[in-house]
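**Student:** My questions will all concern the structure given below.
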Amino acid sequence: MFKKIIILFALILISGISPASKSIEYVPADVLKPGEQLIYKVKYFFLRVGTLRPINLGIVEEGALKGYFKLRIKIDSSPGIPFVTIHDIYETYVDSNAVPAEFHAWEQKGKYTLETDYIFRNDENLAVVQMRKVYPDRVEIVEDKQLPIDRTYRDVLALLYFARQKSSENYRKIIIPTFALGTTDSCWFNEVGSIRTLKYRKEKLPCYYIQGRVKFIGVAGIKDDFEGWFSGDESRVPLKAKMKAFFGSVTIELESSENWLAAK
């Protein structure tokens, strides 16, 4: 239902906004910290419908992806939500600029698991897309193709960390080429780097603000405008988010964290 909600959520954070009454002492962004774990609750009005768990698994130490950061997000729907059962995993391997080399997804679809792989061969201006349905007794190939690419693309999970890196930089517009649903598209940041106040855990915090627009429609009908707030420390952690889905607006809120020093 909302799997792309959570991965794209990284771009967005909203709740109780007002002009900032405080300033932020600028420090350079450092968002790719091995061991960082964040837990978010996903709400539809007052009903909790799911949980997101992004984690930085650290730097790969050997093989073709040596030196890349391994990032993962787990998405789980809440028990008892009618017609919704989601237990999905997404992984991406990115460099220090959040440029991906590989992306992998495992999405539960009832009787089978949909596995997706994107291999970005930027030096060859090429992206490899592979998708397959994995049943207990067989595998069906859904997609196996190569797409020409003439610029740097980010998958939806890499996009989250890229948004964190850019959240404190002042831009009127950034257009980010995005790889989603096996094809090329884009996401727009229309306003980046302004400071807004967010009411978070009974405190008013000055946060970096991004307002943008998704130019593609995700699985749950995710589309159109989004906006959000990121913490003012070097980690630029997304604190709260809101976006449109086919059933209405979904709010995503940071619930707990590990290895985020500012939380202490």
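To convert, note that position 259 of the sequence shown is 286 in our numbering; the numbers rise steadily by one, no gaps.
C-beta: ideal position from N, C-alpha, C; glycine also.
Since the structure is predicted, the reported quantities are computational estimates derived from the model, not experimental observations.
Suppose the cutoff is 6 Å on Cβ atoms and the five residues either side in sequence are ignored; what does the same chain contact list for Phe130 look like?
**Tutor:** Translated into the one-based positions of the sequence shown, residue 130 becomes position 103. Same-chain partners within the cutoff: Thr119, Tyr145, Asp182.
**Student:** For Ala185, does the three-state DSSP call read helix, strand or coil?
**Tutor:** The residue given as residue 185 occupies position 158 in the sequence shown. Helix at Ala185.
**Student:** Name the two residues that bound the continuous beta strand (DSSP E) containing Trp133.
**Tutor:** For the purposes of this step, residue 133 is taken as residue 106 along the sequence shown, with counting starting at 1. From DSSP, the beta strand (DSSP E) with Trp133 extends over 127-135.
**Student:** Which stretch, first to last residue, makes up the beta strand (DSSP E) that contains Lys250?
**Tutor:** Within the sequence shown, residue 250 is the residue found at index 223, counting from 1. First-last of the beta strand (DSSP E) with Lys250: 250-257.
**Student:** I'd like to know whether the C-beta atoms of Asn217 and Gln192 end up nearer to each other than 8 Å.
**Tutor:** In the sequence shown, the residue the question calls residue 217 occupies position 190. In the sequence shown, the residue the question calls residue 192 occupies position 165. No, the Cβ-Cβ distance between Asn217 and Gln192 is not below 8 Å.
**Student:** Assuming Tyr162 and Lys138 make a contact with CB atoms under 8 Å, what is their CB distance in whole Å?
**Tutor:** Position 135 of the sequence shown, counted from the first residue, corresponds to residue 162. Position 111 of the sequence shown, counted from the first residue, corresponds to residue 138. Right, their Cβ atoms sit about 6 Å apart.
**Student:** Would a check of beta-carbon distances place Phe206 closer than 8 Å to chain D?
**Tutor:** Absent from the structure is chain D; it holds one protein chain and no more.
**Student:** Count the other CB atoms, across all protein chains shown, that sit within 10 Å of the CB of Ser123; report buried if there are 16 or more and exposed otherwise.
**Tutor:** Looking up residue 123 in the sequence shown gives position 96. Looking at its Cβ environment, which holds fewer than 16 other Cβ atoms inside 10 Å, Ser123 is exposed.
**Student:** Go ahead and label Leu59 buried or exposed: buried means 16 or more other beta carbons lie within 10 angstroms of its beta carbon, across all protein chains shown.
**Tutor:** Reading the sequence shown from its first residue, position 32 is the one you call residue 59. So Leu59 ends up on the buried side.
**Student:** Is Ala289 helix, strand or coil by DSSP?
**Tutor:** In the sequence shown, the residue the question calls residue 289 occupies position 262. Three-state result, Ala289: helix.
**Student:** Going by beta carbon distance, what residues of the same chain come within less than 7 Å of Lys242, once the five residues before and after it are set aside?
**Tutor:** The residue given as residue 242 occupies position 215 in the sequence shown. Contacts found: Asp212, Ser213, Cys214, Trp215.
**Student:** Please classify Thr205: is it buried, with 16 or more other beta-carbons within 10 angstroms of its beta-carbon, or exposed?
**Tutor:** On the sequence shown, residue 205 is found 178 positions in, with the first residue counted as 1. Thr205 should be labelled buried.
**Student:** Please check the pair Gly77 and Ser104, which I expect to be a contact at CB under 8 Å, by giving their CB distance rounded to whole angstroms.
**Tutor:** Here residue 77 refers to the residue found at position 50 of the sequence shown. Here residue 104 refers to the residue found at position 77 of the sequence shown. Correct: roughly 5 Å between the Cβ atoms.
**Student:** Relative to the alpha-carbon of Pro106, which residue among His114, Val264, Arg99 has its alpha-carbon at the smallest distance?
**Tutor:** Looking up residue 106 in the sequence shown gives position 79. That would be His114, whose Cα lies nearest to the Cα of Pro106.
**Student:** In chain order, what residues of the same chain have a beta carbon less than 7 Å from the beta carbon of Glu282, not counting five sequence neighbours either side?
**Tutor:** In the sequence shown, residue 282 corresponds to position 255, counting from 1. Here the set comprises Ile66, Tyr67, Lys68.
**Student:** Look up Lys190 in the DSSP assignment and say whether it is helix, strand or coil.
**Tutor:** Taking the first residue of the sequence shown as 1, we reach residue 190 at position 163. According to the sequence as given, residue 190 is Ala; it is not Lys. In this structure, Ala190 counts as helix in the three-state DSSP scheme.
**Student:** Going straight from the alpha carbon of Tyr71 to that of Phe257, what length do you get?
**Tutor:** Translated into positions along the sequence shown, residue 71 becomes position 44. Translated into positions along the sequence shown, residue 257 becomes position 230. So the two alpha carbons sit approximately 21 Å from each other.
**Student:** Can you tell which of Arg228, Gly255, Pro233 has the C-alpha that lies nearest to the C-alpha of Arg240?
**Tutor:** On the sequence shown, position 213 is the one that residue 240 refers to. It is Gly255 whose Cα lies nearest to the Cα of Arg240.
**Student:** Cβ of Met158 within 8 Å of Cβ of Val169?
**Tutor:** By one-based count along the sequence shown, residue 158 stands at place 131. By one-based count along the sequence shown, residue 169 stands at place 142. Against a cut-off of 8 Å, the Cβ pair of Val169 and Met158 comes out as a contact.
**Student:** Does the beta-carbon distance from Ala128 to Phe147 come in below 8 Å?
**Tutor:** For the purposes of this step, residue 128 is taken as the residue at position 101 of the sequence shown. For the purposes of this step, residue 147 is taken as the residue at position 120 of the sequence shown. Yes, they are a contact pair.
**Student:** Go ahead and pull the three-state DSSP assignment for Asn124.
**Tutor:** Counting from one through the sequence shown, the residue named residue 124 turns up at place 97. The answer is coil: DSSP assigns Asn124 none of H, G, I, E or B.
**Student:** Using DSSP bridges, identify the partner residues of Leu174.
**Tutor:** Locating residue 174 in the sequence shown gives position 147, counting from the first residue. Beta-bridge pairing links Leu174 to Ala154.
**Student:** Can you give the Cα-Cα distance for Lys231 and Ala125, rounded to whole angstroms?
**Tutor:** Taking the sequence shown and counting its residues from 1, one reaches residue 231 at position 204. Taking the sequence shown and counting its residues from 1, one reaches residue 125 at position 98. Answer to the nearest angstrom: the Cα atoms are 30 Å apart.
**Student:** Quick check: Pro81 and Ile100, are their CB atoms within less than 8 Å of each other?
**Tutor:** As a working mapping, residue 81 is identified with position 54 in the sequence shown. As a working mapping, residue 100 is identified with position 73 in the sequence shown. Yes.
**Student:** Classify Asn83: buried if its beta carbon has 16 or more other beta carbons within 10 angstroms, exposed otherwise.
**Tutor:** Taking the sequence shown and counting its residues from 1, one reaches residue 83 at position 56. Classification of Asn83: buried, given that the 10 Å Cβ count is 16 or more.
**Student:** Look at Lys271 and Lys250 and say whether their C-beta atoms are less than 8 Å apart.
**Tutor:** The residue labelled residue 271 in the question sits at position 244 within the sequence shown. The residue labelled residue 250 in the question sits at position 223 within the sequence shown. Yes; because the gap between Cβ atoms is below 8 Å, this pair is in contact.
**Student:** Given this structure, state the Cα-to-Cα distance separating Tyr95 from Gly85, to the nearest angstrom.
**Tutor:** Residue mapping note: residue 95 aligns to position 68 of the sequence shown, counting from 1. Residue mapping note: residue 85 aligns to position 58 of the sequence shown, counting from 1. Those two C-alpha atoms are separated by around 8 Å.
**Student:** Between which residues of its own chain and Ser48 is the CB-CB distance below 8 Å, once the five residues before and five after are set aside?
**Tutor:** On the sequence shown, residue 48 is found 21 positions in, with the first residue counted as 1. Only weak support exists for where Ser48 lies, its pLDDT of 44 falling under 50; the coordinates are left without a value.
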